[in-house]
Amino acid sequence: MLTILVPLALLLILCVCNFTIEAAEQLSDPGIVSWDSPGKGPADSMPLGNGEIGINAWVEEGADLCFYLSRTDTWSEHGRPLKLGRVRVTLSPNPFKADIRFRQILHTKSGEIRIEGGPPEDFVKLRLWVDANRPVVRLEAEAEQLFEMIVRLEVWRRQPREISRGGAGYQGIGEAFGFFGVHDIPEPIVQQPDVVLPAEDNRITWFHRNPSSIWEDTLQLQGLIDFKPKAKDPLLNRTFGGTIRGDGFVAQNDTTLRSSRPAARQLVSIYTHTAITDSPEQWLAELVGVLRDVERTSVPGSREAHQQWWNSFWDRSWIRVTSAGGDPHKAITISRGYALQRFISAAGGRGAFPIKFNGSIFTVDADEAGEKYDADYRRWGGGYWFQNTRLPYWAMLAAGDYDTMQPLFRMYLDALPLALHRTRAYFNHGGAYFPETMYFWGTWDNYSFGRDRAGLKFGEVQNPYVRWYFTGCLELVALALERFDFTSDRDFARTALLPLADAILIFFDEHYPRDTSGKILLQPSQSLETWQKATNPLPDIAGLMFVLPRLLQLPHELTTAQQRQRWQRMMSELPPLPRGKHDGKDVLLPAEKFDELKNVENPELYAVFPFRLFGVDKPRLEVAQNTYHARLQKGSAGWQQDPIQAAYLGMAHDAAEIVAARFAAKHPGSRFPGFWGPNFDWVPDQDHATVAMIALQAMLLQADGSRLLLFPAWPKDWDVDFKLHAPRNTVVQGSFRGGELRDLIVTPPQRRNDLVIKTPQ
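Below, the structure written as structure tokens:
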């Protein structure tokens with residue numbers, strides 16, 4: 005019996021030691037992802053990016069390093085983002101043969117992927133990085149022995165291709181669902197090909213150029229063609245691509261570079277560029293200019309600056325849960341999920357356009373009900389749904405990632421002239437509104453607007469899910485107000501916050517009539533997508549109640565007397581929040597009147613988040629808690645907000661359970677632990693983990709006017725290290741271990757007087 009127990013005890017000790025080593029690595033740096041075996045294909049890829057350019061990299065079993073190339077601004081003629089292409093790298097001798105040592109590591113702190121493989125005598129090290137400061141991807145390779153490298157560009161859009169419709173794909177629409185908004189046009193949907201140029205010495209170059217555009221047809225359909233002279237087509241002649249260049253490489257053909265001789269070090273660079281140009285030649289000249297500009301700085305110098313950017317990024321803020329009720333797996337999952345989603349948001353969030361909720365720039369080949377689609381496919385196509393787009397940006401506030409918020413505000417500011425024009429054309433009054441489902445240039449997506457106009461008024465939207473959905477406009481103002489409160493950036497207030505807020509508040513003021521008591525009557529309306537026939541929906545009333553007082557609190561030199569008078573008057577004309585009873589308890593209601601339940605949101609809880617009228621230490625907290633318990637839709641996937649609302653209501657147990665479950669629910673078909681989805685959208689879903697991020701932040705720290713609440717919904721058996729940002733350029737840093745707050749640092753020091761330390765639950 006003893007001889008059996010001893011080996012079992014040794015095995016148990018070895019397992020515990022192995023777990024302890026892995027756990028220690030994950031707890032000290034939750035942003036590290038390490039694999040000790042190659043993958044099978046794109047689903048086994050790691051993401052990397054500089055905010056504008058992204059890659060998905062994997063090593064095929066016994067074969068090559070492969071990676072997709074993406075940008076945020078590669079809009080096709082159909083208004084959907086395309087991949088730039090795929091790169092395949094072959095090494096000789098091959099270090100990735102079966103049964104040979106292999107390791108692939110994502111180092112998020114330095115923004116690079118390192119790959120090692122081969123027998124000791126032919127061991128090769130690869131370093132893959134996307135320059136944080138320049139539009140270039142670098143692949144560096146080195147070994148003790150000489151080796152050769154072949155780099156191939158793989159382009160799958162080689163011929164015009166008609167897109168299939170129907171079949172087993174999503175909702176029976178097939179691949180055309182990736183063209184949402186044009187998937188229902190009567191004409192064939194044809195994807196135009198890329199162009200591969202003749203190779204030059206050590207360089208191969210390719211591009212996609214839009215020969216047509218849906219922009220003018222969109223304006224025509226939506227009755228806005230008279231806006232055409234005031235704007236430029238954002239799709240026509242948009243050209244995007246790149247050039248691959250290798251030091252000491254020669255071109256074998258138009259898509260292949262080969263090292264001219266074996267060497268112990270090899271370097272390959274990929275330069276990318278997007279522009280709307282009069283000719284392909286002009287784009288090519290600009291691309292050459294990009295290459296020359298990048299090469300003014302040495303690779304070692306660029307790498308050092310790149311690593312400094314990422315080190316500074318990670319030094320801004322962090323949340324590292326080190327113990328979660330004695331469950332080390334849960335602590336690692338939460339910390340890793342938080343770090344990896346923040347990394348993905350930064351890797352795809354500093355470009356010319358906002359983060360695409362349905363995959364960002366990290367989509368790969370798709371399998372929809374057994375049908376295979378290329379890496380350009382994503383459900384819901386190229387449009388922006390504000391309900392989905394907003395969530396990564398709320399998470400950026402407490403993280404201090406204000407630079408990655410800029411593309412969101414830029415897109416809506418660029419669309420503001422069209423929004424003002426549309427309001428006047430459709431409703432004959434002032435102000436502006438933005439569609440819930442919007443092409444980046446500001447029109448509705450054509451499917452939502454409706455091609456069959458029979459029975460519809462001029463400007464009336466056919467899709468009942470978004471027909472009278474204007475809540476996102478108020479949330480955009482709320483998000484801009486938060487950014488100003490956090491940063492005190494008066495230039496941002498003048499150039500972004502106030503132009504948007506002024507136009508949107510004028511719209512709400514002039515769009516709705518007043519009832520017999522002089523109150524604003526929001527009708528016709530709806531309560532989010534869920535209740536599609538509503539009068540005085542709570543989200544809109546709560547949004548107005550949330551933003552109007554805060555606009556009035558802005559420094560007077562930023563606003564005009566006319567603006568302040570309007571906002572003050574509107575506050576006096578607001579109807580009350582809809583209230584009712586549930587099981588004899590006071591609750592909030594989705595609207596004063598509501599009918600036709602169609603989706604799975606809880607609009608009544610918008611008064612908790614994003615419009616924080618109810619919460620910890622606020623009046624009538626029990627009403628909001630009753631509402632949370634009585635909510636009709638209980639679920640937490642994708643954009644559903646249960647954990648955020650639980651956190652703002654001080655319900656630590658609910659918030660903690662849901663956050664932990666969210667971060668654990670990775671996409672089963674993806675190897676990378678930071679890919680979630682598809683949920684309601686696509687993979688990697690950019691809502692699922694950012695909801696958990698917002699909730700985790702709110703569990704730790706909340707702002708209530710000038711006060712800062714620390715641990716308003718924190719479990720007493722969760723240990724954590726944290727550094728978070730708060731309004732008035734405040735940073736709160738510390739640790740909670742063994743039931744005690746340690747190492748508290750508040751910057752600036754005088755804000756320590758505003759900190760209220762709550763008792764963890």
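Going by my numbering, 307 is the number at position 303 of the sequence shown; the sequence numbering is gapless. Even for Gly, the Cβ is constructed at its ideal location relative to N, Cα and C. Please read these numbers as outputs of a predicted model, since none were measured by experiment.
Item: By alpha-carbon positions, which one of Gly-742, Pro-731, Arg-741 ends up nearest to Arg-755?; Value: Pro-731
Item: Kindly indicate which residue of Met-574, Thr-222, Val-325, Gly-329 has the alpha-carbon position closest to the one of Asp-449.; Value: Thr-222
Item: Go ahead and pull the three-state DSSP assignment for Ser-273.; Value: strand
Item: Grouping DSSP H, G and I as helix and E and B as strand, with all else coil, what is Glu-479?; Value: helix
Item: Would you be able to state if there are at least three C-beta pairs under 8 Å between the segment 694–712 and the segment 326–345?; Value: yes
Item: Do Met-415 and Phe-444 have their CB atoms nearer than 8 Å?; Value: yes
Item: Give a yes or no on whether the C-beta atoms belonging to Pro-716 and Lys-762 are separated by under 8 Å.; Value: yes
Item: Taking C-beta to C-beta, are Gly-463 and Ile-508 nearer than 8 Å?; Value: no
Item: Should His-560 be labelled buried (16 or more other beta-carbon atoms within 10 Å of its own) or exposed?; Value: exposed
Item: What residues in its chain sit with their C-beta under 7 Å from that of Leu-556, if we drop five residues either side in the sequence?; Value: Arg-568, Trp-571, Gln-572
Item: Does Arg-471 pass the burial test, meaning 16 or more other C-beta atoms within 10 Å, or should it be called exposed?; Value: buried
Item: Inspect the beta-carbon positions of Ile-59 and Val-134 and report whether they are closer than 8 Å.; Value: yes
Item: Here's the rule I'm using: 16 or more other beta-carbon atoms within 10 Å means buried, otherwise exposed. How should Thr-441 be labelled?; Value: buried
Item: With respect to the beta strand (DSSP E) encompassing Pro-139, which residues constitute its N-terminal and C-terminal limits?; Value: Premise fails: Pro-139 is in no beta strand (DSSP E) and is neither H nor E.
Item: Once the 5 residues before and after Val-760 are set aside, which same chain residues still bring their CB inside 6 Å of it?; Value: Arg-711, Leu-713
Item: Is the Cβ-Cβ distance between Arg-142 and Thr-278 less than 8 Å?; Value: no
Item: Would you grab the beta carbon distance between Ala-546 and Phe-613 for me? Rounded to a whole angstrom, and I think it's under 8 Å.; Value: Not really, about 10 Å apart at Cβ, beyond 8 Å.
Item: Is the beta carbon of Leu-401 sitting closer than 8 Å to the one on Glu-486?; Value: yes
Item: Can you grab the Cα-Cα spacing for the pair Pro-677 / His-671, in whole Å?; Value: 8 Å
Item: If you drop the 5 nearest sequence neighbours on each side, which residues of the same chain put their C-beta closer than 6 Å to that of Ala-2?; Value: Look at the range of the chain in this structure, 5 to 765, and you will see that residue 2 is not part of it.
Item: Assuming contact is defined by CB atoms lying nearer than 8 Å, are Thr-326 and Leu-295 in contact in what I supplied?; Value: no
Item: Would you call the CB atoms of Phe-151 and Leu-95 closer than 8 Å?; Value: yes
Item: In chain order, which beta strand (DSSP E) runs of at least 3 residues are fully inside the segment 175–249?; Value: 207–213
Item: Determine the closest residue to His-310 out of Ala-136, Gly-35, Gly-673, with distance taken between C-alpha atoms.; Value: Ala-136
Item: Using C-beta distances below 7 Å, list every residue in its chain close to Gly-642, excluding the 5 sequence neighbours before and after it, in chain order.; Value: Asn-683, Phe-684, Asp-685, Asp-689, Asp-691, His-692
Item: Would you grab the beta carbon distance between Phe-511 and Thr-427 for me? Rounded to a whole angstrom, and I think it's under 8 Å.; Value: 6 Å
Item: Name the DSSP beta bridge partners of Gln-737, please?; Value: Lys-727, Ile-749
Item: From Thr-243 to Thr-281, what distance separates their C-alpha atoms?; Value: 7 Å
Item: Could you give the DSSP three-state label for Tyr-469: helix, strand or coil?; Value: coil
Item: Can you give the Cα-Cα distance for Ala-86 and Phe-183, rounded to whole angstroms?; Value: Checking the displayed sequence, the identity of residue 86 turns out to be Leu instead of Ala. Near 11 Å, if we compare the C-alpha coordinates of Phe-183 and Leu-86.
Item: Which residues mark the beginning and the end of the beta strand (DSSP E) in which Gly-619 is found?; Value: From DSSP, Gly-619 is part of no beta strand (DSSP E); its letter is neither H nor E.
Item: What residues in its chain sit with their C-beta under 6 Å from that of Leu-748, if we drop five residues either side in the sequence?; Value: Gly-738
Item: Looking at chain B, is there any beta carbon in it that lies within less than 8 Å of the beta carbon of Gly-738?; Value: Included in the structure is just one protein chain, with no chain B present.
Item: Please name the residue, chosen from Val-140, Lys-113, Pro-139, Met-153, that lies closest to Leu-130 on a Cα-to-Cα basis.; Value: Met-153
Item: Would you call the CB atoms of Leu-532 and Pro-607 closer than 8 Å?; Value: yes
Item: What are the start and end residues of each continuous alpha helix (DSSP H) run of 4 or more residues lying completely inside the segment 327–373, in chain order?; Value: 332–351
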